[in-house]
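Each remark here refers to the structure printed beneath this line.
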Amino acid sequence: MMEPIAVTIRVLGIETSCDETAASVVLRDENGQGTILSNVVLSQVTEHAAFGGVVPEIAARAHVEALDDIVAAALDEAGLTLGDIDAVAATAGPGLVGGLIVGLMTAKALAAAADKPLLPVNHLEGHALTARLTDGVAFPYLLLLVSGGHTQLVLVKGVGQYERWGTTIDDALGEAFDKTAKLIGLPFPGGPNVEIAARDGDETRFVFPRPLKGEKRLDFSFSGLKTAVRQAATAIAPLSAKDRADISASFQRAIVDTLDDRVRRALTRFRETFPDAAEPALVVAGGVAANQAVRGGLTALCARHGFRFVAPPIKLCGDNAAMIAWAGAERMALGLSHEDPMHFAPRSRWPLDAQSAPVVGSGRRGAKA
Amino acid sequence: MTLLAIDTSANLCAACVWEGDGALASVTQDIGTGHAELLMSMIQDVLRQAGKTYSDLSRIGVVIGPGSFTGVRVGVSTARGLALALNIPAVGVTTLEALAAEALALHPGRSVLAVIDARREQLYSALYDQAGVPLAEPAVLDAGATLARTGEGDFLLTGSGAATIAARMPGHSIVAERATASIETYARLAAAKPDGSEKPKPLYLRGADAKPQASFILPARD
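The listed protein sequences derive, respectively, from chains Y and D. Just so we're aligned, residue 20 is where the first sequence starts under our numbering, counting upward by one. Just so we're aligned, residue 126 is where the second sequence starts under our numbering, counting upward by one.
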């Protein structure tokens, strides 16, 4: 791998791939250490709440009205002007294309007018590299990416070098949380509300399946679990607060057990692949990484297997632009750039690991997972 | 004033550098889709042809629709990004006012109904008097309601929906049948807008077409 350049760079990052409008300035020093100079996130939760999920057209409309002020706020908070920035990075995929267009065009305009390089960034790469910004984790490491759109185990070998070891064959984990919440009448966003309800629940009242537990391959599946939750909940409806708490707790228990089984196998494979790794690390990223039960389960698992467990601070688990700025800075330091970025088209699908065979839903726009 | 105008609201992708009361350079391509890929290099080209750089610009003019939602957002986000980076104002121009302005330039003294095909058997329309002042503001309606709103008056028709109206109300002549005006028209109108206008926002005229989800929610006891 190429040696990174030893200079300080400041990157403005923009993230608009789903329902957060975000901008951030991140500094990467000559030793490769990162510092977040600003991190502004405007959530659209209230705009989408009535619809029980993110509506793409509503999201795109909100991004275009808000983004320029969010960028100005991020520069202001960092105490910098656009002239002080060394590059502009923006999420160019995967995600909702209406929002991606707003972020990428704004970034193109800023970069062109200020005569700075433009860095189109893969949103998943942003999540994958966050642990290097927050904890300076060295390559290689194992990444568990768990969000509303993705559930993947990825070997991170270097910037731009990813090997997908496992992925979901149906729903993403965050999606399973959101659908469970909606079914039992918890408000949007569902994931955090399931976690809150589960605190007072009896996790042994319902025994839900642990999908793919014991299987050798490292994939995930959550649709059967979702069905089991629906059947159990329908059988006892109308639901009391205690019912909702018990379902949430039992569901969350099933998730923690499933992750324990799936990730344990990945840790073993990592050990076999890198027997000389002095301090092997598991990094968790994505919105579900904010769940304390999930974190607790993974912490215990890593302790049992001698892995360092790295979870980013809560505000960097969900979508944010600091991770995009950082991924841009890492790419820039290595001289990695896309050819002709000003012509770059947003990509609704953009797998991190282009080599792996699609598991589900591959079409003209590429692999879904 | 040196102004850059951009149009990505329909099938065309276009950019123009305007100074004083004329265009220094303009570029237009009929691409259908793919504005996000092409626009920045087109702006680069038109600036070079005009002998200008970004730092020479003092205003951005952008087409805000009605038209393609995605296309309009490509233009508006680019315009607002340029305005932020260059610390200059961006102003919005509607497709309807520009189409009407072109018809009025050819036929002074008449009023004009600008009407654009909005699909789903609807039309975007606005009615302008001989000075280009709106008599009926932009709206999205079916053909019958469009006509009911404008009444029997003596007006010209222009825009991609003109034939739909002419078929129901013979006797009105059609000036042009395009979904968007020429980029020079947009530049001229943008240059004439007063300072201190608010930031350009897309003019959708339609809601986001989202319905509250009626998905399966179990009844609650408390």
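We put the beta carbon where it would ideally sit given N, CA and C, even for glycine. Predicted, not measured: the structure shown is a model, and the values here were computed from it.
Would a check of beta-carbon distances place Val30(Y) closer than 9 Å to chain D?
The count along the first sequence starts at 1 and reaches residue 30(Y) at position 11. Not one chain D Cβ lies under 9 Å of Val30(Y).
Can you give me the C-alpha to C-alpha distance between Ala345(D) and Arg263(Y), rounded to a whole angstrom?
Taking the first residue of the second sequence as 1, we reach residue 345(D) at position 220. Taking the first residue of the first sequence as 1, we reach residue 263(Y) at position 244. Distance between the alpha carbons of Ala345(D) and Arg263(Y): 9 Å.
Going by Cα to Cα distance, which pick from Gln171(Y), Arg368(Y), Leu244(Y) and His324(Y) is closest to Val116(Y)?
Looking up residue 116(Y) in the first sequence gives position 97. For the residues Gln171(Y), Arg368(Y), Leu244(Y) and His324(Y), the minimum Cα distance to Val116(Y) belongs to Arg368(Y).
Which value, in whole angstroms, describes the spacing of the CA atoms of Leu101(Y) and Gly200(D)?
Looking up residue 101(Y) in the first sequence gives position 82. Looking up residue 200(D) in the second sequence gives position 75. Cα to Cα, Leu101(Y) sits roughly 21 Å from Gly200(D).
Would a C-beta distance cut-off of 9 Å place Trp143(D) and Leu129(D) closer than the cut-off?
As a position in the second sequence, residue 143(D) is number 18, starting the count at 1. As a position in the second sequence, residue 129(D) is number 4, starting the count at 1. Against a cut-off of 9 Å, the Cβ pair of Leu129(D) and Trp143(D) comes out as a contact.
Give a yes or no on whether the minimum CB-CB distance between Phe70(Y) and chain D is below 9 Å.
One-based indexing of the first sequence puts residue 70(Y) at position 51. Interface residue, yes.
With three or more C-beta pairs closer than 8 Å as the rule, is the stretch 330-348 of chain Y touching the stretch 223-230 of chain Y?
no
Short of 6 Å in beta carbon distance, which residues of its chain neighbour Leu152(Y), apart from the five on each side in sequence? Order them along the chain.
If you number the first sequence from 1, residue 152(Y) lands on position 133. The answer, listed in chain order, is Gly53 and Trp345.
Only counting runs of 3 or more residues, tell me where the beta strand (DSSP E) segments fall wholly within the stretch 315-340 of chain Y, in order along the chain.
327-329
Does the beta-carbon of Arg218(Y) have 16 or more other beta-carbons within 10 angstroms, so that it is buried, or is it exposed?
Numbered from its first residue, the first sequence carries residue 218(Y) at position 199. Counting Cβ neighbours within 10 Å, Arg218(Y) comes out exposed, since fewer than 16 surround it.
Between the Cα of Ala225(D) and the Cα atoms of Val265(D), Pro214(D) and Ala287(D), which residue gives the shortest distance?
Taking the second sequence and counting its residues from 1, the one referred to as residue 225(D) is at position 100. Cα-wise, what sits closest to Ala225(D) is Ala287(D).
Taking CB distances under 9 Å as the criterion, tell me whether Ala304(Y) reaches chain D.
Sequence index remark: in the first sequence, residue 304(Y) carries index 285 (1-based). So, not an interface residue.
Using a Cβ-Cβ distance under 9 Å, would Asp155(D) count as near chain Y?
Taking the first residue of the second sequence as 1, we reach residue 155(D) at position 30. Not one beta carbon of chain Y lies nearer than 9 Å to the beta carbon of Asp155(D).
Out of Gln311(Y), Gly306(Y) and Pro360(Y), state which residue places its alpha-carbon closest to the alpha-carbon of Ser166(Y).
Residue mapping note: residue 166(Y) aligns to position 147 of the first sequence, counting from 1. Nearest of Gln311(Y), Gly306(Y) and Pro360(Y) to Ser166(Y), Cα basis: Gly306(Y).
Give me, in chain order, the residues of the same chain whose beta-carbon lies closer than 6 Å to that of Leu123(Y); leave out the 5 immediate sequence neighbours on both sides.
Your numbering for residue 123(Y) matches position 104 in the first sequence. Once the five neighbours on either side are set aside, the close Cβ partners of Leu123(Y) are Ala109, Ala111 and Pro365.
Where does Trp369(Y) sit, in a helix, a strand or coil, going by DSSP?
Locating residue 369(Y) in the first sequence gives position 350, where the first residue counts as 1. Coil.
If you measure between the beta carbons of Leu221(D) and Gly284(D), is that distance less than 9 Å?
By one-based count along the second sequence, residue 221(D) stands at place 96. By one-based count along the second sequence, residue 284(D) stands at place 159. Yes, the Cβ-Cβ distance between Leu221(D) and Gly284(D) is below 9 Å.
Determine the burial state of Lys336(D): buried for a count of at least 16 other Cβ atoms within 10 Å of its Cβ, exposed for fewer.
Position 211 of the second sequence, counted from the start, is the residue given in the question as residue 336(D). Classification for Lys336(D): exposed.
Counting only runs that start and end within the stretch 208-289 of chain Y, where is the alpha helix (DSSP H) found for 4 or more residues in a row?
209-217 and 242-255
What is the DSSP secondary structure of Leu343(D), reduced to helix, strand or coil?
For the purposes of this step, residue 343(D) is taken as residue 218 along the second sequence, with counting starting at 1. Looking at Leu343(D) - three-state DSSP - the assignment turns out to be coil, as it is neither helix nor strand.
So with CB distances below 7 Å, who are the chain Y contacts of Ala210(D)?
In the second sequence, counting from the first residue as 1, residue 210(D) sits at position 85. Per Cβ cutoff of 7 Å: Leu101, Ala128, Leu129, Ala132 and Ala133.
When DSSP builds the beta bridges, which residues end up paired with Gln180(Y)?
To locate residue 180(Y), count along the first sequence from 1; it is residue 161. Gly177(Y).
Comparing alpha-carbon positions, which option in Asp48(Y), Leu164(Y) and Ala252(Y) lies nearest Lys201(Y)?
In the first sequence, residue 201(Y) corresponds to position 182, counting from 1. The shortest Cα separation from Lys201(Y) among Asp48(Y), Leu164(Y) and Ala252(Y) belongs to Ala252(Y).
Considering only the alpha carbon of each residue, which of Leu371(Y), Gly347(Y) and Asp372(Y) lies closest to Lys135(Y)?
For the purposes of this step, residue 135(Y) is taken as residue 116 along the first sequence, with counting starting at 1. Of Leu371(Y), Gly347(Y) and Asp372(Y), the residue nearest in Cα terms is Gly347(Y).
In angstroms with no decimal places, state the Cα-to-Cα distance between Thr271(D) and Leu252(D).
By 1-based counting over the second sequence, the position of residue 271(D) is 146. By 1-based counting over the second sequence, the position of residue 252(D) is 127. Thr271(D) and Leu252(D) have their C-alpha atoms roughly 10 Å apart.
Relative to the C-alpha of Thr199(Y), which residue among Lys235(Y), Arg183(Y) and Ser269(Y) is closest?
In the first sequence, the residue the question calls residue 199(Y) occupies position 180. When each option's Cα is compared against that of Thr199(Y), the closest is Ser269(Y).
So, are the CB atoms of Leu164(Y) and Leu148(Y) less than 9 Å apart?
Working through the first sequence from its first residue, we reach residue 164(Y) at position 145. Working through the first sequence from its first residue, we reach residue 148(Y) at position 129. Not in contact: Leu164(Y) and Leu148(Y) (Cβ atoms no closer than 9 Å).
Would Leu161(Y) and Ala300(Y) be called neighbours here (beta carbons separated by less than 9 Å)?
On the first sequence, residue 161(Y) is found 142 positions in, with the first residue counted as 1. On the first sequence, residue 300(Y) is found 281 positions in, with the first residue counted as 1. In this structure, Ala300(Y) lies closer than 9 Å to Leu161(Y) by Cβ.
Measuring only the C-alpha atoms, how far is Asp48(Y) from Ala106(Y)?
For the purposes of this step, residue 48(Y) is taken as the residue at position 29 of the first sequence. For the purposes of this step, residue 106(Y) is taken as the residue at position 87 of the first sequence. Cα to Cα, the separation comes out at about 14 Å.
Beta-carbon within less than 6 Å of Leu137(D)'s beta-carbon, same chain only, minus the 5 sequence neighbours each way: which residues are those?
Against the second sequence, residue 137(D) aligns to sequence position 12. Answer for Leu137(D): Thr153, Asp155 and Thr305, listed in chain order.
Quick check: is the beta carbon of Val199(D) nearer than 9 Å to any beta carbon in chain Y?
Taking the first residue of the second sequence as 1, we reach residue 199(D) at position 74. Judged by the 9 Å Cβ criterion, Val199(D) is in contact with chain Y.
Give the secondary structure of Ser134(D) by DSSP, where H, G and I count as helix, E and B as strand, and everything else as coil.
In the second sequence, counting from the first residue as 1, residue 134(D) sits at position 9. The answer is coil: DSSP assigns Ser134(D) none of H, G, I, E or B.
With C-beta atoms as the reference, is Asp280(Y) less than 9 Å away from Arg205(D)?
Position 261 of the first sequence holds residue 280(Y). Position 80 of the second sequence holds residue 205(D). At the C-beta level, Asp280(Y) and Arg205(D) stay beyond 9 Å of one another.
Pick out the complete beta strand (DSSP E) segments inside the stretch 91-178 of chain Y, 3 residues or longer, and give them in chain order.
106-112, 137-141, 160-165 and 170-177
Roughly how many whole angstroms lie between the Cα atoms of Leu237(Y) and His324(Y)?
Taking the first residue of the first sequence as 1, we reach residue 237(Y) at position 218. Taking the first residue of the first sequence as 1, we reach residue 324(Y) at position 305. Rounded to the nearest whole angstrom, the C-alpha separation of Leu237(Y) and His324(Y) is 17 Å.
Tell me the rounded alpha-carbon separation between Val237(D) and Arg173(D).
For the purposes of this step, residue 237(D) is identified with residue 112 of the second sequence, where counting begins at 1. For the purposes of this step, residue 173(D) is identified with residue 48 of the second sequence, where counting begins at 1. Taking the straight line from one Cα to the other gives about 37 Å.
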